[in-house]
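In my numbering, the protein residues as written are 203 to 507.
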Ligand SMILES: Nc1ncnc2c1ncn2[C@@H]1O[C@H](COP(=O)(O)OP(=O)(O)OP(=O)(O)O)[C@@H](O)[C@H]1O
Ligand SMILES: [Mg+2]
């Protein structure tokens, strides 16, 4: 056999080995890194659309706006009607970002006043992947390919992105290093006299990464951290009244019934207005109107003559 034919045969063997090796790497790469759509509505189609028994799955335009606002402004505050799918949307937006911008970082979700409520939110998040999905390259991923580990309070993705949940309790809010996103849900309903402590405890977690801060709530009176942040300019604001979800997640019948229900402060619960809590003894607006601060010069009433 001539030297040149030996070289030819060797190089063809090497080429075929290299080819096989590259194919294997490509396969493993696909196994580890799903090819996920960047658009929110497409992402939801891939993982499965949100749905209610009475409402077939589709993503509403205000839900796309929420995802856009998170990815554009990074620090956003959402003042919303009840029951219009905002928690669901933010969880899905976070889920999408765990495959891209948030990959390898930590995410903190603060949901509810009790540990159990926070745990339920994490289960809801994990459920997004229960059925697995088929990515844009047609590769099928099972739940266990996507979620490496889940406990009651944290979930770790295949790419080491970690999502941890917390109840709204200032003492418990020291997060891990490298936090890329904080989601503070129901921020106006923290059952603490001074709920700014919860916000103050959350802020430093994002200091190193300059990550996303997403604050969401239905209003709850002209007081508290949610009201204060809504008045300020530190966050990009998104207002979503019931009208945006009418005929979608909120039926006209339901809204007509809720408007008539005197136990419900409709303007506050559905129409993003900060009114006075129904439980207050006095209407704050009326008190503010009547109350005229006076300059006191005569102290004889207090001090005696
Ligand atoms: N686009 C959608 N299509 C169908 N169902 C949806 C859609 N988005 C959310 N849902 C469902 O609507 C229900 C209410 O959603 P979610 O809890 O996110 O609303 P919310 O605005 O956070 O409500 P709350 O005022 O209780 O905080 C959930 O069961 C959710 O899965
Ligand atoms: Mg919610």
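We put the beta carbon where it would ideally sit given N, CA and C, even for glycine.
Within the chosen limit of 7 Å, ligand 2 reaches the beta carbon of residue 288 through at least one heavy atom. Annotation for residue 348: the continuous alpha helix (DSSP H) segment containing it runs 345–348.
Excluding sequence positions up to five before and after residue 290, its CB lies within less than 6 Å of the CB of 252, all in the same chain and listed in chain order. Going by C-alpha positions, residue 386 is about 30 Å away from residue 459.
With contacts defined as CB atoms closer than 8 Å, residue 286 and residue 447 qualify as a contacting pair. Its Cα nearest to that of residue 254, the residue 452 stands out among 316, 292, 452 and 467. If you check the CB distance, residue 361 and residue 380 do not come in under 8 Å.
Taking 8 Å as the cut-off, the Cβ atoms of residue 367 and residue 313 count as close. Short of 7 Å from the beta carbon of residue 350, and not among the five residues preceding or following it, lie these beta carbons of its own chain, in chain order: 358, 359 and 360. When 456, 450 and 455 are compared, the shortest CA-CA separation from residue 259 is found for 450.
Taken through DSSP and simplified to helix, strand or coil, residue 352 comes out as strand.
With respect to the 8 Å criterion, residue 271 and residue 431 are not classified as neighbours on the basis of their beta carbons. Listed in chain order, the non-local C-beta contacts of residue 461 below 6 Å within the same chain comprise 468, local neighbours out to five positions each way being set aside. Per DSSP, reduced to three states, the secondary structure at residue 305 is coil, with no helix or strand assignment.
In the three-state reduction of the DSSP assignment, residue 474 falls in the coil class.
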